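Take 1 as the starting number for the sequence shown in UniProt numbering and just add one per residue.
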Amino acid sequence: MAGDVKSNITVIDELRDLIPPLASDDADQLLENIRTEGKVREALVLWERADDFVLVDGHNRLRVIKELGLSEDAWRVDIRPFSGMPEVREWMIRNQLGRRNLTKEQKDYLIGLQYETEKNKEANTANLKQFRKNTETANLATSEEVAVLEAPDTEVAKLATPEKTAKTEDIVAQEHKISPRSVRNAAQFAKGLDLIGQTSPQAKKEILAGDLKVKKSDIQAVAAGKIAPEEILAATRQPESDTAPTDPQELRMPVKEKTLQEGLDQKQIQKLNRVYDKIDQAVRQLEKSGFSKSDIRWMLSQTVSKK
């Protein structure tokens with residue numbers, strides 16, 4: 001049974017993108033830990049559907065499992081009976097918010113998603129109640145109406161006026177010990193970041209990881225329609241003529257000039273060539289993964305600017 005489950009795991013992009021990206025050091029540490037122990041400690045959480053098992057938690061672990069080629073007895077699964085995608089999303093958001101190594105951007109993003117999820121759930125409940133109310137027999141008084149007619153005057157107001165419930169933003173704010181305004185701001189941040197992610201998934205990952213610094217107010221302005229996502233990306237990137245080329249042969253040209261100017265010996269030149277061979281492989285892999293040349297140029301320029 002376990003073998004059948006593990007060979008039938010489905011990764012849904014929408015759910016995978018809810019997982020904050022690991023910092024490069026954390027990703028390397030996860031790989032090294034699993035390689036050293038030869039097994040995965042924490043079970044992968046799966047959602048059982050009619051024809052497959054959807055991965056809910058453990059996307060980074062599954063990537064390492066495949067990379068290391070671990071046998072099926074080296075990792076476990078935890079199958080849970082979620083009712084549908086909304087419940088899965090809600091569980092994932094809460095689970096991620098429980099982690100301690102979140103960046104400020106990741107936490108704000110997840111709180112924003114939680115608020116929208118809770119608000120949508122509340123709206124769906126209200127719509128269902130309204131639907132049921134509308135389908136009641138029109139010519140029969142409801143039990144509430146009968147109660148109002150028969151109740152003493154002092155009780156009529158209580159029966160006629162529904163009990164005031166706490167707003168979603170207040171509930172989320174209390175849970176995270178922040179203000180309701182901060183919750184609303186987080187929701188705008190999440191919406192704006194998702195819009196940026198539609199234009200450049202890599203930029204969204206860099207912002208969440210804290211590697212690409214963009215003003216929170218600018219991202220919220222994207223959500224409000226005041227700034228286009230392209231404007232945000234253009235402001236964070238250098239002009240194309242100044243960015244690193246993606247052709248490894250073009251990358252080598254400045255190195256050749258530098259070696260002539262600085263008199264590097266043959267051994268140093270060979271080391272540089274090996275570095276650019278690795279860049280060549282990385283660029284081709286990124287192209288196969290669907291990244292555009294402009295995104296690759298931007299990633300290369302960001303890498304160089306950090307050094």
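Every residue, glycine too, gets a C-beta built ideally from N, C-alpha and C. Bear in mind the structure is a predicted one, so any value in this text is a computation, not a measurement.
Counted within 10 angstroms of its Cβ, other Cβ atoms place residue i as buried (16 or more) or exposed
i, result
"G69", "exposed"
"E72", "exposed"
"Q96", "buried"
"Q29", "exposed"
"D4", "exposed"
"R284", "exposed"
"V275", "exposed"
"P239", "Caution applies to P239, whose pLDDT of 48 falls short of 50 and renders its modelled position unreliable; the model cannot decide the point."
"D108", "buried"
"S200", "buried"
"D13", "exposed"
"L140", "Bear in mind that the predicted position of L140 carries a pLDDT of just 49, short of 50, making it unreliable; the figure below should be weighed with that in mind. It counts as exposed."
"G98", "exposed"
"Q114", "buried"
"R297", "buried"
"D52", "exposed"
"E257", "Confidence in E257 is poor, its pLDDT being 48 and thus under 50, which makes the residue's placement unreliable; the coordinate value appears in the next sentence. By the neighbour-count rule (16 or more Cβ atoms within 10 Å), E257 is not buried but exposed."
"D57", "buried"
"S241", "Summary for S241: the model assigns pLDDT 45, below 50, so the residue's position carries little reliability; its value from the coordinates is reported in the next sentence. With fewer than 16 Cβ atoms within 10 Å of its Cβ, S241 is classed as exposed."
Whole-Å CB distance - residue i paired with residue j, under 8 Å assumed
i, j, result
"V45", "R80", "6 Å"
"A221", "G112", "Actually they are not in contact, since the Cβ atoms of A221 and G112 sit about 15 Å apart, beyond 8 Å."
"I196", "P229", "5 Å"
"E118", "T36", "Wrong, their Cβ atoms sit about 41 Å apart, outside the cutoff."
"A43", "V77", "6 Å"
"A209", "A23", "6 Å"
"K121", "W75", "Rounded, the Cβ-Cβ distance is 33 Å, inconsistent with contact."
Best match in the options for proximity to residue i [C-alpha to C-alpha]
i, options, result
"R16", "L31, R35, D28 and N60", "N60"
"A223", "L272, V11, T236 and G192", "G192"
"M85", "W47, E118 and K204", "W47"
"A203", "Q188, E32 and A234", "A234"
"K205", "S182, R297, Q188 and Q106", "Q106"
"K215", "I296, D78, Q188 and S179", "Q188"
"V172", "K213, E90 and K226", "E90"
"V11", "L55, K167, D280 and E37", "L55"
"D211", "N8, P20 and L272", "P20"
"N8", "D194, L102, Q174 and A50", "A50"
"R237", "K271, D52, L300 and W75", "L300"
"residue 317", "G225, A74 and H176", "Lying outside 1 to 307, the shown extent of the chain, residue 317 is not represented and no answer is given."
"K104", "I207, I34, L286 and I296", "I207"
"Q198", "F53, I232 and K6", "I232"
"R100", "D52, E32, G38 and D26", "D26"
"E67", "I219, L31, D277 and L18", "L31"
Element boundaries [alpha helix (DSSP H), containing residue i]
i, result
"V11", "Taken as a continuous stretch (DSSP letters only), V11 belongs to no alpha helix (DSSP H), as it is neither H nor E."
"A173", "T168 to H176"
"R94", "M85 to L97"
Residue i, enclosing beta strand (DSSP E) - first and last residue
i, result
"R80", "V77 to R80"
Within-8 Å CB hit, residue i to chain B
i, result
"L102", "Among the chains in the structure shown there is no chain B, since it carries only a single protein chain."
What are the uninterrupted segments assigned as alpha helix (DSSP H) that are 4 or more residues long and contained completely in the segment 186-248, given in chain order?
201-209, 216-223 and 229-236
Start-end ranges of the beta strand (DSSP E) lying completely within the segment 13-62, minimum 3 residues
44-48 and 53-57
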